[in-house]
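Novice: One structure, as structure tokens, below. Some questions next.
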């Protein structure tokens, strides 16, 4: 290891050092003047950012989930008699209550009809009642199947009321009960069987993110990342993404 004496060996004279410093100062001043005259490059700290930031208080959604929401419905064929064109109605159970707020933010003007412990048949009755009152939207989101088994016949009965809708979304279920997978298979078959139905695959996204759920593994903390992700997924499916 070299000591101080070795470090000082061959040191240039002081006058040479001062000359070098003076030259460096002059060159630095010239470079600074040039930088002041040149406009900042896009994306640089002093220039306009190439991608403007969009602040949000909602937790980021994984890459497998939609990252943007829609506030308008896509162009769809006009609904049949008994439906209100341009209106969106959502009928669901207590899980829909968990994500009701972000869903209303993502789909402006949506009418959410959700209730705790609602069965599929009870949801069908709500749809029948709304339709008879002339209050059922031309787009209908169905978030049922959490609270008990459903069958192909249940879907057919529901669709006997929704055959004239412009679009129907079936949101499949994530629930720690033996009917989860059979119900999701019923919903998938229904979406394949009816041309105006699309499937919102919540089950797949939910299975990848167990941290989103409360103690029961089914319900989502209100204002939590899971509620926001489910609302985004519904809105993005409606938009055709």
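Residue numbers (this note's numbering): 16 to 256.
By construction, the Cβ of each residue, glycine as well, lies at the ideal position given by its N, Cα and C atoms.
Bear in mind that the values here come from a model prediction, so they are computed numbers and not experimental data.
#1: Here's a check: name, in chain order, each residue in its chain whose Cβ is nearer than 6 angstroms to the Cβ of residue 138, leaving out the five neighbours to either side.
#2: Can you check which of these residues, 189, 168 and 240, is closest to residue 117 by C-alpha distance?
#3: What does the alpha-carbon distance come out to for the pair residue 230 and residue 93?
#4: Using the three-state DSSP reduction, which class does residue 190 fall into: helix, strand or coil?
#5: Scan the segment 163 to 227 and note each continuous beta strand (DSSP E) run of 3 residues or more that stays entirely inside, going in chain order.
#6: So, for residue 84: in the same chain, excluding its five sequence neighbours on each side, which residues have a beta-carbon less than 6 angstroms away from its beta-carbon?
#7: Among residues of its own chain, excluding the 5 on either side of residue 97, which ones have a beta-carbon nearer than 6 angstroms to its beta-carbon?
#8: Does the contact criterion of 3 or more C-beta pairs under 8 angstroms hold for the segment 199 to 212 versus the segment 164 to 182?
#9: What does a CB cutoff of less than 7 angstroms around residue 113 pick up in its chain, not counting 5 residues either side in sequence?
#10: With which residues is residue 126 paired in a DSSP beta bridge?
#11: What distance in whole Å lies between the Cβ atoms of residue 189 and residue 222, which are believed to be in contact at a cut-off of 8 angstroms?
#12: Under three-state DSSP, which class holds residue 235?
#13: Are the CB atoms of residue 165 and residue 198 within a distance shorter than 7 angstroms?
#14: According to DSSP, simplified to helix, strand and coil, what is residue 241?
#15: Are the beta-carbon atoms belonging to residue 110 and residue 125 less than 7 angstroms from one another?
#16: Reducing DSSP to helix, strand and coil, say where residue 152 ends up.
#17: Going by C-alpha to C-alpha distance, which of 232, 185, 195 and 224 sits closest to residue 252?
#18: How is the alpha helix (DSSP H) around residue 134 delimited, first residue to last?
#19: For residue 161, tell me which candidate among 201, 214, 225 and 134 has the shortest Cα-Cα distance.
#20: Between which two residues does the alpha helix (DSSP H) containing residue 92 stretch?
#21: Note the first and the last residue of the continuous alpha helix (DSSP H) segment covering residue 120.
Specialist: Taking the structure as given:
#1: Stepping through the chain shown from its first residue, residue 138 is reached at position 123. Excluding positions up to five away in sequence, the list reads 106 and 159.
#2: Here the question's residue 117 lines up with position 102 in the chain shown. The shortest Cα separation from residue 117 among 189, 168 and 240 belongs to 240.
#3: The sequence position of residue 230 within the chain shown is 215, counting from 1. The sequence position of residue 93 within the chain shown is 78, counting from 1. Straight-line Cα distance between these residues: approximately 43 angstroms.
#4: Taking the chain shown and counting its residues from 1, the one referred to as residue 190 is at position 175. Coil at residue 190, not helix or strand.
#5: 182 to 186 and 212 to 215
#6: To locate residue 84, count along the chain shown from 1; it is residue 69. Reliability fails at residue 84, whose pLDDT of 49 lies under 50, so the model's placement of it is uncertain and no value is given.
#7: Against the chain shown, residue 97 aligns to sequence position 82. Once the five neighbours on either side are set aside, the close Cβ partners of residue 97 are 146.
#8: yes
#9: The residue given as residue 113 occupies position 98 in the chain shown. Contacts found: 234, 235, 237 and 242.
#10: Counting from one through the chain shown, the residue named residue 126 turns up at place 111. Answer is 104, bridged to residue 126.
#11: Counted from its first residue, the chain shown places residue 222 at position 207. Counted from its first residue, the chain shown places residue 189 at position 174. That belief holds up - the Cβ atoms of residue 222 and residue 189 are roughly 7 angstroms apart, short of 8 angstroms.
#12: To locate residue 235, count along the chain shown from 1; it is residue 220. Looking at residue 235 - three-state DSSP - the assignment turns out to be coil, as it is neither helix nor strand.
#13: Sequence index remark: in the chain shown, residue 198 carries index 183 (1-based). Sequence index remark: in the chain shown, residue 165 carries index 150 (1-based). Their beta carbons are under 7 angstroms apart, which means residue 198 touches residue 165 by this criterion.
#14: Counted from its first residue, the chain shown places residue 241 at position 226. Three-state DSSP puts residue 241 in a helix.
#15: Along the chain shown, read from residue 1 onward, the residue named residue 110 stands at position 95. Along the chain shown, read from residue 1 onward, the residue named residue 125 stands at position 110. Cβ distance not < 7 angstroms, so residue 110 and residue 125 don't count as in contact.
#16: Looking up residue 152 in the chain shown gives position 137. DSSP places residue 152 in strand when its eight states are reduced to three.
#17: By one-based count along the chain shown, residue 252 stands at place 237. Comparing Cα-Cα distances from residue 252 to each of 232, 185, 195 and 224, the minimum goes to 185.
#18: Within the chain shown, residue 134 is the residue found at index 119, counting from 1. That residue, residue 134, is in no alpha helix (DSSP H); it is neither H nor E in DSSP.
#19: Counting from 1 along the chain shown, the entry for residue 161 is found at position 146. Per the Cα distances, 134.
#20: Here residue 92 refers to the residue found at position 77 of the chain shown. It is not in any alpha helix (DSSP H) - residue 92 carries neither H nor E in the DSSP assignment.
#21: Counted from its first residue, the chain shown places residue 120 at position 105. Note, residue 120: alpha helix (DSSP H), 115 to 121.
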